[in-house]
Structure formats: C-alpha cells, structure tokens
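Everything in the sequence shown is counted per our numbering, starting at 10 for the first residue and increasing by one. Backbone N, C-alpha and C define an ideal beta-carbon position, used for all residues, glycine too. Computed from a predicted structure; not experimentally measured. In what follows, a structure is listed as structure tokens, so that the remarks can point back to it.
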Amino acid sequence: LDFLLPPPDVSDTLPSMNELSAYRQRLIADLLPAYTTARELLDISHEKQARNYNVHRRPLDFESGDLVWMTSLSGIAMGKWRGSKLQPRREGPYKILTKLSSVTYELEHIISRQRLSPIHIERLTPFYSFTTIS
10 LDFLLPPPDV
20 SDTLPSMNEL
30 SAYRQRLIAD
40 LLPAYTTARE
50 LLDISHEKQA
60 RNYNVHRRPL
70 DFESGDLVWM
80 TSLSGIAMGK
90 WRGSKLQPRR
100 EGPYKILTKL
110 SSVTYELEHI
120 ISRQRLSPIH
130 IERLTPFYSF
140 TTIS
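Dropping the structure here:
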C-alpha cells in the first residue's frame with residue numbers, strides 16, 4: 010500500500026512556530042490543574058498514612074547504660090544461607106554506650122564486649138530481666 014501512495018509532503022505536515030507555541034500553552038493549561046489536584050491528593054494521602062502509622066507508635070528513648078535487645082537481620086543479609094524460622098529474632102542483651110544522634114546508638118554486648126555502631130532505634134527493644142520485673 011505504501012508503494013501506491015506518494016510520500017507525504019513534509020512542509021505541509023510540520024506545524025509552524027505559532028501553532029507549536031499555542032499547542033504548548035493549551036497543554037500546560039490543561040495539565041496544570043490535573044497536576045495540582047494530584048499533588049494535593051498525594052499530600053492528603055501522605056498525611057493520612059502518617060497519622061494511621063503513628064496512632065500506636067510510642068516514642069523510644071534510651072539512656073546510656075540501658076540494656077536493650079537488638080533485632081537480628083535476616084540470615085541472608087548476614088551471609089548465612091539458612092532459614093530464619095528457628096533463628097532468634099533478637100540478639101543481646103546489649104548495653105547502650107552513647108547516643109550518637111536522636112535515632113542512632115552505639116552498643117556493647119554485655120558478655121562478648123563486641124561494640125556495634127551506629128544502630129538505628131527501630132532495631133532496639135528494651136531489655137527486661139526477671140529482677141527488674143519483680
């Protein structure tokens with residue numbers, strides 16, 4: 010079919026600079042409200058998700074000398090090719106040495122004296138012994 014029709018004239022199909030500028034302005038005028046609406050809805054959704062996430066969150070803050078459990082990383086991340094089903098979920102107890110920032114700490118294992126730094130607060134859980142409970 011292409012052999013039967015002559016090739017189109019390129020000068021007839023190219024828009025002029027005025028037509029391109031007008032098309033660009035129409036496109037911006039059409040897309041800007043959609044972009045603004047999408048951005049507002051994303052911000053509302055972000056606030057709602059943050060509010061729902063933080064409903065049951067309790068702020069953690071540890072002092073130097075506190076004992077904590079540290080959540081273990083998965084076995085594959087630690088270089089072990091074992092299933093993590095029967096592996097301990099937490100390691101420790103560790104003693105907090107220093108607070109490096111508002112969310113990171115330097116830890117020391119109370120038995121092996123191994124130091125770990127920096128550890129994010131999300132990986133830490135307070136350690137309770139039987140003597141502190143009773």
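For this session: Using beta-carbon positions only, say whether Glu-117 and Tyr-103 come within less than 9 angstroms of one another.
Result: yes
Exercise. Short check: CB of Glu-115 to CB of Arg-124, under 9 angstroms?
Worked result: yes
For this session: Leaving out five residues on either side along the sequence, give the residues of the same chain with a beta carbon under 6 angstroms from the beta carbon of Glu-100.
Result: Met-79, Ser-81
Problem set entry | Nearest-angstrom beta carbon gap, Leu-109 and Ser-121 [assumed within contact, 8 angstroms] | With a Cβ gap of about 21 angstroms, Ser-121 and Leu-109 do not count as contacting.
Exercise. Hey, how far is the Cα of Glu-72 from the Cα of Lys-57?
Worked result: 32 angstroms
Exercise. By the 10 Å Cβ neighbour count, where 16 or more other Cβ atoms means buried, how is Leu-133 classified, buried or exposed?
Worked result: buried
Exercise. Helix, strand or coil for Lys-94 per DSSP?
Worked result: coil
Exercise. Which of the three DSSP states, helix, strand or coil, is assigned to Pro-102?
Worked result: strand
Exercise. Can the beta-carbon of Ile-119 be found less than 9 angstroms from the beta-carbon of Leu-76?
Worked result: yes
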